[in-house]
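Peer 1: Structure below; questions to follow.
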Amino acid sequence: MVAARRAVRPPPCPGPVGVVAPGGLVIDAATLDRFTSVTIEVDEELERTIVESIVGVDLAVDILFAVRTMRRNRDAHGLRCVISPRGSMGVARLVKAGFPLRRAIEMRILKAADEATTRKLTETLIEWSER
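Sequential numbering from 1 applies to the sequence shown in my numbering.
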């Protein structure tokens with residue numbers, strides 16, 4: 001017979017220290033000091049080429065309009081969230097598989113966003129395509 005062992009719990013984490021990364025992860029000062037941050041702009045031409053290769057030109061226009069509008073809204077509101085070309089490609093793959101564009105964006109880009117963030121990111125998207 002195996003004796004039961006008491007569960008060992010780690011000590012509680014201290015309150016937020018340092019910077020909050022996208023997704024809400026708190027990065028402490030010691031970790032921040034180990035790495036250099038480099039901002040790399042999205043290569044929109046490469047993104048367009050890849051998305052077009054997945055869904056064709058017509059659907060790529062709709063996808064990229066929505067994604068780039070959400071990026072502008074993110075920047076205008078100072079939101080800390082990632083809307084990467086990988087997200088655009090994921091949306092394109094979902095649309096190609098038959099999901100409506102709105103649902104594909106919700107599943108791939110907005111999945112971790114709370115209601116207020118989603119509202120800010122999509123506020124200037126007047127009509128969501130149902131393709």
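C-beta atoms are modelled at their ideal positions from N, C-alpha and C, and glycine is treated no differently.
#1: Express the C-alpha separation of residue 108 and residue 39 in angstroms, rounding to a whole number.
#2: Under the rule that 16 or more other beta-carbon atoms within 10 Å means buried, what is residue 53, buried or exposed?
#3: Would you tell me roughly how many angstroms separate the C-alpha atoms of residue 56 and residue 85, rounded to the nearest one?
#4: Whole alpha helix (DSSP H) runs in the segment 22-60 with 4 or more residues, listed along the chain?
#5: From 51, 114, 31, pick the residue whose C-alpha is nearest to that of residue 43; which is it?
#6: Does the segment 86-93 come into contact with the segment 27-34, if we say contact requires no fewer than three beta-carbon pairs (one atom in each stretch) closer than 8 Å?
#7: Starting from residue 125, trace the alpha helix (DSSP H) both ways and give me its first and last residue.
#8: Could you give the distance in angstroms between the alpha-carbon of residue 72 and the alpha-carbon of residue 46?
#9: Any idea if residue 124 is buried or exposed, counting beta-carbon neighbours within 10 angstroms, 16 or more meaning buried?
#10: Tell me the rounded alpha-carbon separation between residue 80 and residue 98.
#11: Taking the beta carbon of residue 60 as the centre, do at least 16 other beta carbons fall within 10 Å, making it buried, or is it exposed?
Peer 2: Quick look at the numbers:
#1: 22 Å
#2: By the neighbour-count definition (other C-beta atoms within 10 Å, threshold 16), residue 53 is an exposed residue.
#3: 16 Å
#4: 29-34, 44-55
#5: 51
#6: no
#7: Where residue 125 is concerned, there is no enclosing alpha helix (DSSP H), because DSSP gives it neither an H nor an E.
#8: 18 Å
#9: Of the residues assessed, residue 124 falls on the exposed side of the cut-off, its CB having fewer than 16 other CB atoms within 10 angstroms.
#10: 30 Å
#11: Per the 10 Å Cβ criterion, buried.
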